[in-house]
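Student: Heads up: the protein sequence lines correspond to chains A and B, in order. The first sequence begins at 1 in the numbering used here and counts up one residue at a time. The second sequence begins at 111 in the numbering used here and counts up one residue at a time.
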Amino acid sequence: MNHPSNGLDDVVHQRVRLGILAIAHEARRVEFGFLRSTLDLTAGNLSQHLAVLEKVGLVEIEKGYEGKRGRTWVHLTPAGENALSNEINQLKRLIHQVEHSTDQSGHLPT
Amino acid sequence: MSAPSTGTPQELLATARELTRRVREAHRGIWFPLLLLGLVHLAAIPFYRYGPHPMTCRPELPVGNSSITFCNHYATWSFIYWPVALMLAYVAICGFYVSRSRRRGIGTRVWSYVLAGTTLGLVLTGTSLWAVHHPLAQEGSLNGIHIPGSASSAEFLYRVATPAVAIGLGLLVLARVERSWALAAFALGYLTIVLLPRDLSQFITAPSMWTDLPHLVVNGSVLLIGAAGFALSRRRTT
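1. Count the other CB atoms within 10 Å of the CB of TRP73 of chain A; is the residue buried (16 or more) or exposed (fewer)?
2. Taking 7 Å as the threshold (C-beta atoms), are PHE340 of chain B and ILE140 of chain B in contact?
3. Do you know whose CA, among B:THR235, B:LEU123, B:ASN329 and B:ARG346, lies nearest VAL194 of chain B's CA?
4. Quick one, which of B:TRP187, B:VAL327 and B:TYR207 has its alpha-carbon nearest GLU288 of chain B's?
5. Give me the Cα-Cα distance between GLY231 of chain B and HIS151 of chain B, rounded to the nearest whole angstrom.
6. Would you mind working out which of A:HIS75, A:SER101 and A:GLU99 sits nearest GLY19 of chain A, comparing C-alpha positions?
7. Check the Cβ-Cβ distances between ARG138 of chain B and every residue of chain A, and say whether any is below 7 Å.
8. Counting beta carbon pairs with one atom in the stretch 132-148 of chain B and one in the stretch 277-293 of chain B, are three or more of them shorter than 8 Å?
9. Would you grab the beta carbon distance between LEU46 of chain A and LEU35 of chain A for me? Rounded to a whole angstrom, and I think it's under 8 Å.
10. Can you name the residues that DSSP bridges to TYR65 of chain A?
11. Who pairs with ILE216 of chain B in a beta bridge, going by DSSP?
12. On the DSSP bridge list, what partners appear for VAL59 of chain A?
13. Quick one: what does DSSP say PRO143 of chain B is sitting in, helix, strand or coil?
14. With a 10 Å radius around its C-beta and 16 neighbouring C-beta atoms as the bar for buried, classify ALA43 of chain A as buried or exposed.
15. Let me know if LEU282 of chain B comes out buried or exposed under the rule of 16 or more other beta-carbons within 10 Å of its beta-carbon.
16. Can you check which of these residues, B:ALA294, B:LEU301 and B:GLY330, is closest to LEU146 of chain B by C-alpha distance?
17. Rounded to whole angstroms, what's the CA-CA distance from THR186 of chain B to LEU225 of chain B? Just pull it up for me.
18. Taking Cβ-Cβ distances shorter than 8 Å, what residues in chain A pair up with ILE203 of chain B?
19. Using Cβ-Cβ distances below 7 Å, what residues of the stretch 274-293 of chain B are close to chain A?
20. By the criterion of Cβ-Cβ separation under 7 Å, what are the contact partners of THR38 of chain A in chain B?
21. Can you give me the start and stop residues for the alpha helix (DSSP H) that GLN120 of chain B sits inside?
22. Looking at chain A, is there any beta carbon in it that lies within less than 7 Å of the beta carbon of VAL125 of chain B?
23. At least one CB of chain B closer than 7 Å to the CB of ALA22 of chain A: is that the case?
24. Does THR272 of chain B come out as helix, strand or coil in the three-state DSSP assignment?
Written out as structure tokens, the structure reads:
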């Protein structure tokens, strides 16, 4: 069987980017300010992560106005939904595999 | 939450779960629909009390050597009040969730609740309108003579076809939308209270202008108490 770590996507297997995908999935669409405050990031740092996700087609970024105030909305693409679901499944499999190996041998797998 | 670039699988999963939980918390505004729908119940009282109460009767049912007529006594204005009040309430609930989610910077999933609530309200009000024009024989005995009743499925439909049940079923949809087990439990409790048969014959002799009022007060009060409970628990967690 293929080891679950082989199925991890380097773009998504990262705490902030996984967080962005998880929030955007649950919120349907999320505003830049909510992401920044929830993830406790600077605007520049968050922009960099969003640019990476947008470049590989996992999120779409929509800029607009509400009244006179500029707003940036982020939402997941279908590819982003798949990537998030795949990452969560791989993480669960990895945890299961590690715990299973540890139970049988009493040691962490090498 | 500061962000080192990676973590153990457990940490990454825990982070994703915690962020999901925070978004759900930001979405939740359960107290508002409960408050509004509770007030809608109480505001219905004048329509039941002061509106006309005509009767519809089914053809006589032969029982032994005599016959019995079953009649329904209903408040006409309730059939205008409930569809209008429920529509307005769901528009207000929709406006509440949309403006709140915009202010917070997240999307909303309230549409499915509003659509389900409005549809249920209209369908069950329509069914109850049909039901008052088709009175069912209640199984039982009168002066020692057994009176045959209607099919239990028909009686069940008769009892379910009320705006209160439409509200309760709508709350189950909201519980799904908000992924709230607490609201699901509350909605089931509310539906149980709404569907429980309540014999008020000791206090109110039918037909009476007051027949429906205890139901409205009890159902409305349950929703208002729920609104207060959810608002308080939200204040504690934020």
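Cβ atoms here follow ideal geometry from the backbone N, Cα and C, with glycine treated the same way.
Tutor: So, from the data block:
1. As a position in the first sequence, residue 73 of chain A is number 73, starting the count at 1. Buried, by the Cβ-count rule.
2. Residue 140 of chain B sits at position 30 when you count from the first residue of the second sequence. Residue 340 of chain B sits at position 230 when you count from the first residue of the second sequence. In contact: ILE140 of chain B and PHE340 of chain B (Cβ atoms closer than 7 Å).
3. Residue mapping note: residue 194 of chain B aligns to position 84 of the second sequence, counting from 1. Nearest of B:THR235, B:LEU123, B:ASN329 and B:ARG346 to VAL194 of chain B, Cα basis: B:THR235.
4. Translated into positions along the second sequence, residue 288 of chain B becomes position 178. Comparing Cα positions, the closest option is B:TYR207.
5. Here residue 231 of chain B refers to the residue found at position 121 when the second sequence is read from its first residue. Here residue 151 of chain B refers to the residue found at position 41 when the second sequence is read from its first residue. If I take the Cα positions, the gap works out to 13 Å.
6. Working through the first sequence from its first residue, we reach residue 19 of chain A at position 19. Nearest of A:HIS75, A:SER101 and A:GLU99 to GLY19 of chain A, Cα basis: A:HIS75.
7. As a working mapping, residue 138 of chain B is identified with position 28 in the second sequence. It does not; no Cβ of chain A falls within 7 Å.
8. yes
9. The residue you call residue 46 of chain A lines up with position 46 of the first sequence. The residue you call residue 35 of chain A lines up with position 35 of the first sequence. LEU46 of chain A to LEU35 of chain A, Cβ: 6 Å. Contact.
10. Residue numbering aside, residue 65 of chain A sits at position 65 when the first sequence is read from its first letter. The bridge partners DSSP lists for TYR65 of chain A are A:GLY70.
11. Counting from one through the second sequence, the residue named residue 216 of chain B turns up at place 106. For ILE216 of chain B, which the question treats as bridged, DSSP gives the partners A:VAL30.
12. One-based indexing of the first sequence puts residue 59 of chain A at position 59. Looking at the DSSP assignment, VAL59 of chain A forms a beta bridge with A:LEU76.
13. Counting from one through the second sequence, the residue named residue 143 of chain B turns up at place 33. Reduced to three states, the DSSP call for PRO143 of chain B is helix.
14. Counting from one through the first sequence, the residue named residue 43 of chain A turns up at place 43. It counts as exposed.
15. In the second sequence, residue 282 of chain B corresponds to position 172, counting from 1. Buried.
16. Here residue 146 of chain B refers to the residue found at position 36 when the second sequence is read from its first residue. Comparing Cα-Cα distances from LEU146 of chain B to each of B:ALA294, B:LEU301 and B:GLY330, the minimum goes to B:GLY330.
17. Locating residue 186 of chain B in the second sequence gives position 76, where the first residue counts as 1. Locating residue 225 of chain B in the second sequence gives position 115, where the first residue counts as 1. In this structure, the alpha-carbon of THR186 of chain B lies about 26 Å from that of LEU225 of chain B.
18. Here residue 203 of chain B corresponds to residue number 93 of the second sequence, with the count starting at 1. Those do not exist, as ILE203 of chain B stays about 18 Å from chain A at its closest Cβ, beyond 8 Å.
19. none
20. Reading the first sequence from its first residue, position 38 is the one you call residue 38 of chain A. Residues of chain B with a Cβ closer than 7 Å to the Cβ of THR38 of chain A are, in chain order, LEU129 and ARG132.
21. To locate residue 120 of chain B, count along the second sequence from 1; it is residue 10. Counting along the chain, the alpha helix (DSSP H) containing GLN120 of chain B begins and ends at 119-137.
22. As a working note, residue 125 of chain B is residue 15 in the second sequence. Correcting the residue identity first, residue 125 of chain B is Thr in this sequence and not Val. Chain A, which has a Cβ nearer than 7 Å to the Cβ of THR125 of chain B, makes this yes.
23. Reading the first sequence from its first residue, position 22 is the one you call residue 22 of chain A. At least one chain B Cβ lies under 7 Å of ALA22 of chain A.
24. Your numbering for residue 272 of chain B matches position 162 in the second sequence. Residue state, collapsed to three classes: coil.
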